[in-house]
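Number of protein chains: 2
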Amino acid sequence: MLREIERDELEPLATGAWILGAGGGGSPYLSYLNARNLYAEGRRVTLMDPRDLDDDDLVAVVSNMGAPLVGQERLSDPAFSAKPVRMMEDYLGRKFRAVMSVEIGGGNAFQPILVAAVTGLPVVDADAMGRAFPEAQMTSFAIADLPMFPLTLADIRDNEVIVARAASWKWMERISRKACTEVGSIAATCKAPRTGREVKDHGILDTTTKAIRIGGVVREARRRHEDPVAALLEAEGGVQLFRGKVHDLQRRATEGFLRGKARIEGLDQDRGALFELEFQNEFAAGWRDGEVVATTPDIICVMDSVSGEAIGTESIRYGQRVSVVALPAPELLLTPKGLEHVGPRAFGYDFDYRTAFGKVAA
Amino acid sequence: MLREIERDELEPLATGAWILGAGGGGSPYLSYLNARNLYAEGRRVTLMDPRDLDDDDLVAVVSNMGAPLVGQERLSDPAFSAKPVRMMEDYLGRKFRAVMSVEIGGGNAFQPILVAAVTGLPVVDADAMGRAFPEAQMTSFAIADLPMFPLTLADIRDNEVIVARAASWKWMERISRKACTEVGSIAATCKAPRTGREVKDHGILDTTTKAIRIGGVVREARRRHEDPVAALLEAEGGVQLFRGKVHDLQRRATEGFLRGKARIEGLDQDRGALFELEFQNEFAAGWRDGEVVATTPDIICVMDSVSGEAIGTESIRYGQRVSVVALPAPELLLTPKGLEHVGPRAFGYDFDYRTAFGKVAA
């Protein structure tokens, strides 16, 4: 099924994608403005059910790669987003049937929409993370051991790089990351192309729709002057982990990551308690009074307690009144192979996945 | 004209290429052993006069890129050297007519020979530096403002990178250098392909023959128990700048370069004088008693005073009895545009080209 993404779905998509970013992936705001602008010019983007892909269709998997903070300073334009897709078509000598995002969380929710608006390709309603993660080997396609090359990368000057082969997903991450860093820590990329069969079998499906739905729930509650956090938790089966005030923050940019720790003092029912959150671009683990209560890949999200707007790891600051919530991770990330790629140990922790949902890994 | 490179020319080529390296480019010794081994297996390499190239022939410009010290630790094999040439043919959908080195100085004199031994292509008797230099924009092709892309790069694992476009020669250098560094500071590369016309117009011609000739002169003098340094200077129109003993050395690896300074105390006719040499991979400038007497692009070479063997910037050490000599730079490097790319200011000095040959830039 193909349907047009409505103009008034763009804002909910931005709100929902930012929540699914788990603090990372970069704010979707500027990409949303880009998309709104394209709609104002009369362009329209269609959303395609991944189940409608033919097995041998070729799908472009796109992302805006780099440091989210740089993305806030250097505005992307849609033609730039589409460049690596055209490079890949030239390199393969084949045309793409559709385009999808590598990650629905954060600004990359809009990357395929920008590409679609200038190329006319439909956007597949799927991604490869179901949230945001910082590295190439943290995708459902990597978990499924699919080929990781070729990758195309372009910057805003006239630099174009093709990683034609890579020895592993981690090598692909290392090499493409260095190229990205060298051209200014922001680059448009087209990841290894996927067949329709691969997307259907190993993609995380219906996530554009999910982000729009989540954003809609939050915005509707806000409109009704109801509690948007409570509305989200009810609609998506989430759990509130903590409510309080940010009272301490350590944040440092190291090795291309935004790493740090937030301490939150309890308010309301959590008064007297302390919540600690560690992040590596995304929120990776949370401790309540010293005990781990939530870890990646569950979607740990810090929301403004009043507006329900997500707060990113680059913008969380002293004094904010926040609700820390967890949304369930896609099942695919909770398999043993999935946890190997995106569980706490993949981020350097010496403990296993722990969840607030009362279930453990399959 | 095509002629076979004789087995007994390989050793003179190594000696001559090391002298033309001006202290850089990495010792040719290991590549020479590789070539000798291939000859022992019965492989032969032909040398092609660049004037015999058709204008639209396509020539592969190869180099072993990276830190010379790493090249001493991780032995290259010929199949690895040929990999980026095959990648380039696949990428372009065209076959190469011949192969040439980006730089005749140091180990890269042998890179096209290794490629030729496994591919059967002839080696063009030319290069793009007439010596060794550290960076991509320091070639005669860059001086001529020829296109700098595409470039292919391969490592010994299974990583393959294509820099499909670059905004400038410096951007090409930056991006390919980062890729090279990431895969372990050593990579086989195939630079932007050149047409026969471009090689004839903008290459530095007959430099393989020159290196073999220089090595032959030094080795012949050594065999006759004559002074090999004097023999070289006479045969090639060189100038002796100083003779003495290395008495102080500063060397540091920074930003991918081997930078440093050597102080040499005079012996024989130079007794009582002091010579200082600064290097950035290659010897870049020399001071006699505080006065600049030689600069890049003249080929400043430090030779063992007895054997006439060149001494590299990574192997020069306290106590060595050395002769510092200058050999004339290729004319092409001495034009105003040439000096802009490879003169002292291109290495960060605030003085102009000075030469020991009693002439100034055209």
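Quick note, the sequences are listed as chains Y and H, same order. Here the numbering used here is used: the first residue of the first sequence is 1, the next is one more, and so on. Here the numbering used here is used: the first residue of the second sequence is 1, the next is one more, and so on. Think of the CB as a built atom: it goes at the ideal place given N, C-alpha and C, for glycine as much as any other residue. Given the structure is predicted, the values throughout are model-derived calculations rather than measurements.
Looking at residue 32 of chain Y: is its Cβ nearer than 8 Å to the Cβ of residue 14 of chain Y?
Residue 32 of chain Y sits at position 32 when you count from the first residue of the first sequence. Residue 14 of chain Y sits at position 14 when you count from the first residue of the first sequence. Going by C-beta atoms, residue 32 of chain Y is nearer than 8 Å to residue 14 of chain Y.
* **Rounded separation between residue 202 of chain H and residue 124 of chain H - CA only** => For the purposes of this step, residue 202 of chain H is taken as residue 202 along the second sequence, with counting starting at 1. For the purposes of this step, residue 124 of chain H is taken as residue 124 along the second sequence, with counting starting at 1. So the two alpha carbons sit approximately 13 Å from each other.
Query raised in the report: If you count every other CB in all the chains shown that lies within 10 Å of the CB of residue 353 of chain H, and 16 or more means buried, which is it?
Result: If you number the second sequence from 1, residue 353 of chain H lands on position 353. Residue 353 of chain H comes out buried.
Requested in this report: Below 7 Å between beta carbons is the criterion; list the residues of the segment 152-180 of chain H that meet it against any residue of chain Y, in chain order.
Outcome: 157, 158, 159, 160, 161, 162, 163, 164, 165, 166, 167, 171, 174, 175, 178 and 179
Q) Are the Cβ atoms of residue 67 of chain Y and residue 186 of chain Y separated by less than 8 Å? A) The residue labelled residue 67 of chain Y in the question sits at position 67 within the first sequence. The residue labelled residue 186 of chain Y in the question sits at position 186 within the first sequence. It is a contact, given that the beta carbons lie within the stated cut-off.
Helix, strand or coil: which one does DSSP assign to residue 229 of chain Y? As a position in the first sequence, residue 229 of chain Y is number 229, starting the count at 1. Helix at residue 229 of chain Y.
Inter-residue CB distance, residue 137 of chain H and residue 83 of chain H (contact presumed, cutoff 8 Å)
Position 137 of the second sequence, counting from 1, holds the residue named residue 137 of chain H. Position 83 of the second sequence, counting from 1, holds the residue named residue 83 of chain H. 24 Å between Cβ atoms; not a contact.
Given a limit of 9 Å on CB to CB distance, which residues of the segment 43-69 of chain Y reach chain H? none
With a cut-off of 8 Å, does the C-beta of residue 87 of chain Y fall near any C-beta of chain H? What you label residue 87 of chain Y is simply residue 87 of the first sequence in a count that begins at 1. Interface residue, yes.
ask   = Quick one: Cα of residue 339 of chain H to Cα of residue 205 of chain H, how far?
value = In the second sequence, residue 339 of chain H corresponds to position 339, counting from 1. In the second sequence, residue 205 of chain H corresponds to position 205, counting from 1. One C-alpha to the other measures close to 19 Å.
- What separation, rounded to the nearest whole angstrom, lies between the Cα atoms of residue 146 of chain H and residue 55 of chain H? Locating residue 146 of chain H in the second sequence gives position 146, counting from the first residue. Locating residue 55 of chain H in the second sequence gives position 55, counting from the first residue. So the two alpha carbons sit approximately 15 Å from each other.
Practice task
Consider the C-beta atom of residue 8 of chain H and the heavy atoms of the ligand NAP; say whether any pair is separated by less than 7 Å.
Solution key: The model depicted lacks the ligand NAP and carries no ligand whatsoever.
Please decide whether residue 255 of chain H counts as near chain Y, where near means a Cβ-Cβ distance under 8 Å.
Here the question's residue 255 of chain H lines up with position 255 in the second sequence. Answer no: the Cβ-Cβ gap between residue 255 of chain H and chain Y never drops below 8 Å.
Open item on the list: For residue 121 of chain Y and residue 4 of chain Y, I'd like the C-alpha separation in whole angstroms.
Closed with: By 1-based counting over the first sequence, the position of residue 121 of chain Y is 121. By 1-based counting over the first sequence, the position of residue 4 of chain Y is 4. Between residue 121 of chain Y and residue 4 of chain Y, the C-alpha separation is close to 12 Å.
Residue span of the alpha helix (DSSP H) that contains residue 33 of chain H, given as start and end: As a working mapping, residue 33 of chain H is identified with position 33 in the second sequence. Its alpha helix (DSSP H) spans residues 29-40.
Exercise. Kindly indicate which three-state DSSP category residue 65 of chain H falls into: helix, strand or coil?
Key: Here residue 65 of chain H refers to the residue found at position 65 of the second sequence. Correct three-state label for residue 65 of chain H: strand.
What residue range is occupied by the uninterrupted alpha helix (DSSP H) comprising residue 197 of chain Y? Start at 1 with the first residue of the first sequence, and residue 197 of chain Y comes out as number 197. Its alpha helix (DSSP H) spans residues 196-202.
Check: Is residue 88 of chain H buried or exposed, if buried means 16 or more other CB atoms sit within 10 Å of its CB?
Finding: Reading the second sequence from its first residue, position 88 is the one you call residue 88 of chain H. The residue is buried, with at least 16 neighbouring Cβ atoms inside 10 Å.
Q. Going along chain H, which residues have a C-beta under 8 Å from residue 182 of chain Y?
A. Residue mapping note: residue 182 of chain Y aligns to position 182 of the first sequence, counting from 1. The answer, in chain order, is 174, 175 and 178.
Exercise for review: Report yes if the C-beta distance between residue 141 of chain Y and residue 194 of chain Y is below 8 Å; otherwise report no.
Suggested key: Position 141 of the first sequence, counting from 1, holds the residue named residue 141 of chain Y. Position 194 of the first sequence, counting from 1, holds the residue named residue 194 of chain Y. Yes, Cβ-Cβ distance for residue 141 of chain Y and residue 194 of chain Y is below 8 Å.
- Pull up the CB-CB distance for residue 102 of chain H and residue 63 of chain H, whole angstroms please, since I reckon it's below 8 Å. The residue given as residue 102 of chain H occupies position 102 in the second sequence. The residue given as residue 63 of chain H occupies position 63 in the second sequence. Residue 102 of chain H to residue 63 of chain H, Cβ: 4 Å. Contact.
field: Through-space distance from residue 225 of chain Y to residue 266 of chain Y, alpha-carbon basis
entry: Here residue 266 of chain Y corresponds to residue number 266 of the first sequence, with the count starting at 1. Here residue 225 of chain Y corresponds to residue number 225 of the first sequence, with the count starting at 1. C-alpha separation (whole angstroms): 23 Å.
**Study point:** CB contact check: residue 70 of chain H to chain A, cutoff 8 Å
**Key:** This model lacks chain A altogether; the protein chains it does include are Y and H.
| request: State yes or no: is the C-beta of residue 151 of chain H within less than 8 Å of the C-beta of residue 172 of chain H? | output: In the second sequence, counting from the first residue as 1, residue 151 of chain H sits at position 151. In the second sequence, counting from the first residue as 1, residue 172 of chain H sits at position 172. Against a cut-off of 8 Å, the Cβ pair of residue 172 of chain H and residue 151 of chain H comes out as a contact.
Quick one: what's residue 53 of chain Y bridged to in DSSP?
Here residue 53 of chain Y corresponds to residue number 53 of the first sequence, with the count starting at 1. Answer is none; residue 53 of chain Y lacks a bridge partner.
Check: First and last residue of the beta strand (DSSP E) that includes residue 261 of chain H?
Finding: Here residue 261 of chain H is taken as the residue at index 261 of the second sequence, counted from 1. Per DSSP, residue 261 of chain H belongs to the beta strand (DSSP E) from 257-266.
- Task: Could you name the residues of the same chain whose beta carbon sits closer than 6 Å to that of residue 155 of chain Y, not counting the 5 residues immediately before and after it, in chain order?
- Result: Mapped onto the first sequence, residue 155 of chain Y falls at position 155. The answer, listed in chain order, is 183 and 187.
Whose C-alpha, out of Y/300, Y/181, Y/42 and Y/118, is nearest the C-alpha of residue 275 of chain Y? By one-based count along the first sequence, residue 275 of chain Y stands at place 275. Among Y/300, Y/181, Y/42 and Y/118, the Cα nearest to that of residue 275 of chain Y is on Y/300.
By the 10 Å Cβ neighbour count, where 16 or more other Cβ atoms means buried, how is residue 269 of chain Y classified, buried or exposed? Counting from 1 along the first sequence, the entry for residue 269 of chain Y is found at position 269. Counting Cβ neighbours within 10 Å, residue 269 of chain Y comes out exposed, since fewer than 16 surround it.
Checklist entry - Is residue 355 of chain Y helix, strand or coil by DSSP? => result Taking the first residue of the first sequence as position 1, residue 355 of chain Y is located at position 355. Note: residue 355 of chain Y maps to coil in three-state DSSP.
Inset, instruction - Take the Cβ of residue 111 of chain H as the centre, count every other Cβ of all protein chains shown within 10 Å, and call the residue buried at 16 or more, exposed below. - result: Taking the second sequence and counting its residues from 1, the one referred to as residue 111 of chain H is at position 111. Buried.
Rounded to a whole number of angstroms, what is the C-alpha to C-alpha distance between residue 285 of chain Y and residue 308 of chain Y? To locate residue 285 of chain Y, count along the first sequence from 1; it is residue 285. To locate residue 308 of chain Y, count along the first sequence from 1; it is residue 308. Each residue's alpha carbon lies about 21 Å from the other.
Could you tell me the boundaries of the beta strand (DSSP E) in which residue 224 of chain H lies?
Translated into positions along the second sequence, residue 224 of chain H becomes position 224. Looking at the DSSP string, residue 224 of chain H is not in any beta strand (DSSP E), and its letter there is neither H nor E.
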